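**Q**
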Ligand code: SF4
Ligand code: SF4
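Numbering (our numbering), first residue to last: 1 to 452.
If you want it as structure tokens, here you go:
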């Protein structure tokens with residue numbers, strides 16, 4: 001079995017949050033192979049733990065992927081301040097005699113954004129709405145590489161996940177859990193300091209906010225869950241996430257002072273893309289009245305290049321406005337109107353890019369998270385839940401198709417649902433050994449088999 005077949009069989013998808021099927025991404029040749037270990041958002045501990053603990057495996061997998069891609073340059077990009085992780089990776093590189101370089105980055109947001117990272121490492125800007133491969137680069141997260149190691153050495157399917165639990169917990173912790181474990185079990189394992197909490201699945205800037213009690217109880221760990229941020233329900237970030245677009249738009253129309261800070265600090269603007277959120281905000285007052293699509297494109301086309309990083313609304317805007325949410329709203333409107341926004345394929349970074357990086361320390365203060373910043377996870381706990389619910393869609397593309405039925409016994413790692421034919425999809429594996437108790441369009445419930 002070659003590397004692509006092994007990765008496909010294992011159901012590996014981008015572990016850093018996107019969930020793009022890795023066998024599709026790696027079906028290429030590239031000059032650069034970049035391993036992303038920069039932990040894009042603040043307060044996430046997972047990638048650091050993986051680098052410290054599994055450096056040898058990461059280097060083995062990176063070497064195999066780089067050889068497959070025919071890469072001339074293989075780098076692992078991570079923050080300069082990750083000293084123990086840098087030591088562990090360098091020792092593993094030296095031990096293996098691997099031709100891999102470490103690429104230390106400053107502590108800014110969004111250092112781990114794929115396009116920001118590619119620009120920093122290669123000096124080239126990925127085209128608007130393009131892929132790193134457009135400039136000869138492939139980027140994989142360290143968690144993805146660890147799964148590739150498992151696929152190449154043991155033929156293992158992805159059935160477990162490392163994730164950190166941070167925020168209002170006794171101390172940050174890393175957990176290793178079967179896919180489909182309830183997030184409430186993960187949070188309990190981290191000893192929450194409050195009972196009435198909301199959760200952000202992922203990081204504070206781009207994670208999914210879950211407030212509703214039933215939704216929290218129903219949420220499970222998937223292949224892309226890297227962190228659970230536990231916060232009081234009245235925390236600024238939670239309250240802000242609940243604002244409706246009507247109110248956001250009304251505030252934008254009334255209060256935008258056209259200071260341009262949202263544009264000047266926008267990471268996509270800085271790498272040279274056509275995106276000026278201040279202009280979208282300025283035109284918002286006439287959004288409903290523009291009938292001509294060419295005029296709409298001129299006024300709002302920039303929104304298509306927004307990656308929803310949140311810099312504009314969480315850091316830049318002095319008026320507390322939300323250009324990100326407005327852009328998300330406009331993107332829907334562009335689709336509804338059938339407007340194709342042209343792409344600039346020849347972008348170059350702006351000369352002042354390094355002057356406009358946002359220090360993570362200042363960002364967390366702005367987010368009201370300073371009390372959690374600087375706390376680190378020192379241990380990793382294994383959880384063995386009595387039951388799991390394994391979703392069939394944990395990736396970009398079509399849901400996988402179940403190959404088992406209610407009442408079937410399954411072993412951990414056994415194929416549970418096969419990648420759908422004809423398009424992007426990924427295999428899904430059972431994450432515990434037991435009996436399937438329920439299958440719904442969304443996934444399969446498995447009850448652990450009692451020993452003895
Ligand atoms: S969310 Fe704001 S800062 Fe980020 S890409 Fe979109 S417009 Fe730029
Ligand atoms: S930063 Fe805020 S006030 Fe300034 S132009 Fe952007 S949206 Fe308007």
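Each residue gets a CB set at the ideal place from its N, CA and C atoms; glycine is no exception.
For clarity, every value in this text was computed on a predicted model and none was experimentally measured.
If I follow the unbroken beta strand (DSSP E) through residue 382, where does it start and stop?
**A** Looking up residue 382 in the chain shown gives position 382. Where residue 382 is concerned, the enclosing beta strand (DSSP E) stretches over 380 to 382.
**Q** Any contact between the segment 148 to 163 and the segment 172 to 186? By contact I mean 3 or more CB pairs, one from each, below 8 Å.
**A** Flag = yes, the segment 148 to 163 and the segment 172 to 186 touch.
**Q** Is residue 308 near ligand 1, going by C-beta to nearest heavy atom under 6 Å?
**A** For this step, residue 308 is matched to residue 308 along the chain shown. Taking the Cβ of residue 308 as the reference point, at least one heavy atom of ligand 1 falls within a distance shorter than 6 Å.
**Q** Between the Cα of residue 172 and those of 229, 360 and 386, spot the shortest distance and give me the residue it belongs to.
**A** Taking the first residue of the chain shown as position 1, residue 172 is located at position 172. Residue 229 is the option with its Cα nearest to residue 172.
**Q** With 16 as the cutoff for other CB atoms within 10 Å, does residue 181 come out buried or exposed?
**A** Reading the chain shown from its first residue, position 181 is the one you call residue 181. It counts as buried.
**Q** Residue 76: which of 114, 450 and 44 sits nearest, CA to CA?
**A** Mapped onto the chain shown, residue 76 falls at position 76. That would be 114, whose Cα lies nearest to the Cα of residue 76.
**Q** Could you check what DSSP says for residue 135 in three-state terms: helix, strand or coil?
**A** On the chain shown, residue 135 is found 135 positions in, with the first residue counted as 1. Reduced to three states, the DSSP call for residue 135 is helix.
**Q** With distances taken from CA atoms, which of 167, 112 and 297 is nearest residue 339?
**A** For this step, residue 339 is matched to residue 339 along the chain shown. Ranking the options by Cα distance to residue 339, first place goes to 297.
**Q** Going by DSSP in three states, residue 392 sits in which element: helix, strand or coil?
**A** Looking up residue 392 in the chain shown gives position 392. Residue state, collapsed to three classes: coil.
**Q** At 3 residues or longer, what runs of the beta strand (DSSP E) sit wholly inside the segment 194 to 234?
**A** 197 to 201, 208 to 210 and 227 to 232
**Q** Would residue 122 pass as a contact of residue 111 if the rule is Cβ separation under 7 Å?
**A** For the purposes of this step, residue 122 is identified with residue 122 of the chain shown, where counting begins at 1. For the purposes of this step, residue 111 is identified with residue 111 of the chain shown, where counting begins at 1. Cβ atoms of residue 122 and residue 111: not closer than 7 Å.
**Q** Could you check if residue 288 is buried or exposed, using at least 16 other CB atoms within 10 Å of its CB as the buried criterion?
**A** Here the question's residue 288 lines up with position 288 in the chain shown. Exposed, because fewer than 16 other Cβ atoms sit within 10 Å of the Cβ of residue 288.
**Q** Around the C-beta of residue 227, are 16 or more other C-beta atoms found within 10 angstroms, so that it is buried, or is it exposed?
**A** For the purposes of this step, residue 227 is identified with residue 227 of the chain shown, where counting begins at 1. Answer is buried; the Cβ neighbour count reaches 16.
**Q** With respect to the alpha helix (DSSP H) encompassing residue 295, which residues constitute its N-terminal and C-terminal limits?
**A** Your numbering for residue 295 matches position 295 in the chain shown. That run of the alpha helix (DSSP H) goes 293 to 300.
**Q** In chain order, which continuous runs of the alpha helix (DSSP H) of length 4 or greater are located wholly inside the segment 311 to 357?
**A** 323 to 336
**Q** Is residue 195 buried or exposed, if buried means 16 or more other CB atoms sit within 10 Å of its CB?
**A** If you number the chain shown from 1, residue 195 lands on position 195. Under this definition residue 195 is an exposed residue.
**Q** Rounded to whole angstroms, what is the Cα-Cα separation between residue 331 and residue 307?
**A** Position 331 of the chain shown, counting from 1, holds the residue named residue 331. Position 307 of the chain shown, counting from 1, holds the residue named residue 307. Near 11 Å, if we compare the C-alpha coordinates of residue 307 and residue 331.
**Q** From this set, 51, 109 and 440, which residue's C-alpha is nearest residue 86's C-alpha?
**A** Along the chain shown, one-based indexing puts residue 86 at 86. Nearest C-alpha to residue 86: 51.
**Q** Considering residue 92, what are the terminal residues of the alpha helix (DSSP H) in which it resides?
**A** If you number the chain shown from 1, residue 92 lands on position 92. 83 to 96 is the span of the alpha helix (DSSP H), which, as asked, contains residue 92.
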